[in-house]
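Notes follow the structure.
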Ligand SMILES: C[S@@+](CC[C@H](N)C(=O)[O-])C[C@H]1O[C@@H](n2cnc3c(N)ncnc32)[C@H](O)[C@@H]1O
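Numbering (my numbering), first residue to last: 1368 to 1683.
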């Protein structure tokens, strides 16, 4: 029922592996408490419904709901919608995408965080099947207009604006905004063409570490240091001293993927090890490798010398 990112399927993913059978695939982004998801899955028992949600509390609530209501054609992914779209959805396979009451990010400086942007619509076109469509329902008129313009700019969609279907007005947020007397906006974005740029799944690696010659430093002054990594940024947030060395709490933002992970700098049989701790089972991505490489470079400034490099950044 839950899709674990550490166990991402081979590419392209087979629906049979995810759902145990084939069928029309539907993705809901930001399912909240999952009441719409459960209703949709029950109304269309032949559909395969994949839900993506960033809030862990909401995922748990929805998970319990699916169990309680005996819904079997739903899979829940805890994380960003675009990550699920990119890594769990076979190209050209989606029948529908549902976005009910997306976070509007009304402040100008936060608009970059909005889900429904031109780049998203372009990438979505690579995963939608022929005639596949995204259905948007919102109470936020300005975001609605923004989403229409962003999709229009791609030239990849036929856009129809109309009243929302009844079921979309029964979500937790729909009921909340209905009570507050708000108006609702609805549009269907049907794919008419596909962006030619492929959107391959995120690349993952087995390891990311470096071995260095020299002594373990007495201290590591790395707190709150941002470092650019391929496709994003890593921030070394905090350093804690352990028995064998240091743990560096690292926040990493890459395209479609945000991870908090522990990096380690510790004594090993062959010198000083700088790499990823297994704690939390992070996905080893280009960004993780970049963060480890930045850590090794920092150690070089303290007089250590890279002897073995498994970060892919050519440190030696
Ligand atoms: C305003 S709530 C709407 C919830 C639900 N659709 C409803 O109508 O009741 C927006 C939801 O989207 C989730 N969310 C925001 N950004 C997301 C993203 N990039 N991927 C997946 N979920 C996201 C939030 O955690 C929140 O649960």
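For each residue, glycine too, the CB sits at the ideal point set by N, CA and C.
None of these values were measured; they are calculated from a predicted model.
Of the residues assessed, residue 1528 falls on the exposed side of the cut-off, its CB having fewer than 16 other CB atoms within 10 angstroms.
Relative to the non-hydrogen atoms of ligand 1, the Cβ of residue 1469 comes within a distance shorter than 7 Å of at least one. Not one heavy atom of ligand 1 lies closer than 7 Å to the C-beta of residue 1474. Proximity of the beta carbon of residue 1386 to ligand 1 is not indicated: no heavy atom of the ligand is located closer than 7 Å. With 16 or more other CB atoms across the displayed protein chains lying within 10 angstroms of its CB, residue 1558 is buried. The DSSP assignment places 1392-1396, 1415-1420 and 1441-1445 as complete runs of the beta strand (DSSP E) inside the segment 1385-1459, in order along the chain (cut-off: 3 residues). When Cβ pairs closer than 8 Å are counted between the two stretches, the segment 1489-1505 is seen to touch the segment 1561-1573, the count reaching three or more. Between residue 1458 and the set 1514, 1392 and 1626, the nearest pair of CA atoms involves 1392. Relative to ligand 1, the nearest heavy atom lies less than 7 Å away from the CB of residue 1541. Distances from the CA of residue 1581 to each of 1596, 1673 and 1657 were compared; the closest alpha carbon is that of 1673. By the C-beta criterion, the segment 1583-1600 is judged to be in contact with the segment 1657-1671, since at least 3 inter-stretch pairs fall below 8 Å. If you compare the alpha carbons of 1525, 1521, 1480 and 1493 with that of residue 1502, the shortest gap goes to 1525. Cβ-Cβ distances below 6 Å link residue 1417 to 1394 and 1442 in the same chain, with the five nearest sequence neighbours on each side left out; the list follows chain order.
Distance check between residue 1412 and each of 1369, 1388, 1616 and 1586 places 1388 closest, using alpha-carbon atoms only.
Just measuring C-alpha positions, the residue of 1639, 1438 and 1573 sitting nearest residue 1374 is 1573. Boundaries of the beta strand (DSSP E) harbouring residue 1638: 1638-1643, taken from the DSSP string.
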